[in-house]
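Here is the structure we will look at, set down as structure tokens.
Chains as they are written, first to last, in my numbering: chain A, 1 to 114; chain B, 1 to 113.
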């Protein structure tokens, strides 16, 4: 049973470009959570999704950021018109049941904006 | 605001010495508490968690933590540090809704040979 898979592991984007981060949850998991880790900081919650639904996006920046978890395929975190401040590690976690007490984390995507 | 606080952003111990990483939570309801470890350029790995029941929780790699409601603490300990324990450690609380973790700012553990 593969773990939570995130790709790419490293992503470099120029300012103004779009970044797409993918997360494939563990088999049988229908709940996905995205976190952002800025340098020298802990992880900060961004969004919680179930299949085709956004449950909690209280941590998402109001502009440029969006997330989806379609019926088929991975969850996508999309950042439009990236800026230097978006450089961070983005982690995805998944769980089988609602409430992330049994969440498993992926290895993250490290986004660098140049 | 409800949160977790990790005291000490950097901790150094000698190999074989006791490891103590501190975490205090701020919550008016019984919390679900977790410790995660992060190795360089890796994701988070669950060390242990407290939900209900026994307050002394044993995890992987010889780590354990004790939930102390009277002190609102959930400190992580290991009797004897190993070089492979060098990593970043995060305390986390599963918030009231269960929709997200609230993470502490992390403690970087260095093990000195």
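For glycine and all other residues, C-beta sits at the position ideal for the given N, C-alpha and C.
From a predicted model like this one, the values you see are computed outputs, not experimental measurements.
ask   = Just by C-beta distance, which residues in the segment 54–65 of chain A are closer than 9 Å to chain B?
value = 55, 56, 58, 59
message = To test your reading of the DSSP string, which unbroken beta strand (DSSP E) runs of 3 or more residues are found completely within the segment 70–114 of chain A?
response = 75–79, 88–95, 109–113
ask   = Would you report the Cα separation of residue 98 of chain A and residue 51 of chain A, rounded to the nearest angstrom?
value = Position 98 of the first chain, counting from 1, holds the residue named residue 98 of chain A. Position 51 of the first chain, counting from 1, holds the residue named residue 51 of chain A. Rounded to the nearest angstrom, the two C-alpha atoms are 12 Å apart.
request  = Classify residue 27 of chain B as helix, strand or coil using the three-state DSSP reduction.
outcome  = Stepping through the second chain from its first residue, residue 27 of chain B is reached at position 27. DSSP places residue 27 of chain B in coil when its eight states are reduced to three.
message = Does any residue of chain A have a CB that is nearer than 8 Å to the CB of residue 110 of chain B?
response = Locating residue 110 of chain B in the second chain gives position 110, where the first residue counts as 1. No, because no Cβ of chain A sits closer than 8 Å to the Cβ of residue 110 of chain B.
query = Would residue 48 of chain A count as contacting chain B if we go by Cβ distances under 8 Å?
reply = Here the question's residue 48 of chain A lines up with position 48 in the first chain. So yes, residue 48 of chain A belongs to the interface.
message = Contact criterion: CB-CB distance below 8 Å. Does residue 115 of chain B meet it with respect to chain A?
response = This structure gives no information on residue 115 of chain B, because the portion of chain B shown stretches from 1 to 113.
request  = Report yes if the C-beta distance between residue 67 of chain A and residue 34 of chain A is below 8 Å; otherwise report no.
outcome  = By one-based count along the first chain, residue 67 of chain A stands at place 67. By one-based count along the first chain, residue 34 of chain A stands at place 34. Yes.
query = Hey, does residue 107 of chain B have any beta-carbon neighbour from chain A nearer than 8 Å?
reply = Residue mapping note: residue 107 of chain B aligns to position 107 of the second chain, counting from 1. No, residue 107 of chain B does not count as interfacial toward chain A.
The segment 31–49 of chain A contacting the segment 95–104 of chain B, beta-carbon criterion three pairs below 8 Å = yes
Alpha carbon of residue 21 of chain B to alpha carbon of residue 36 of chain B, nearest angstrom = In the second chain, residue 21 of chain B corresponds to position 21, counting from 1. In the second chain, residue 36 of chain B corresponds to position 36, counting from 1. If I take the Cα positions, the gap works out to 12 Å.
inquiry  = Do residue 64 of chain A and residue 81 of chain A count as a contact pair if the criterion is CB distance below 8 Å?
reply    = Stepping through the first chain from its first residue, residue 81 of chain A is reached at position 81. Stepping through the first chain from its first residue, residue 64 of chain A is reached at position 64. It is a contact, given that the beta carbons lie within the stated cut-off.
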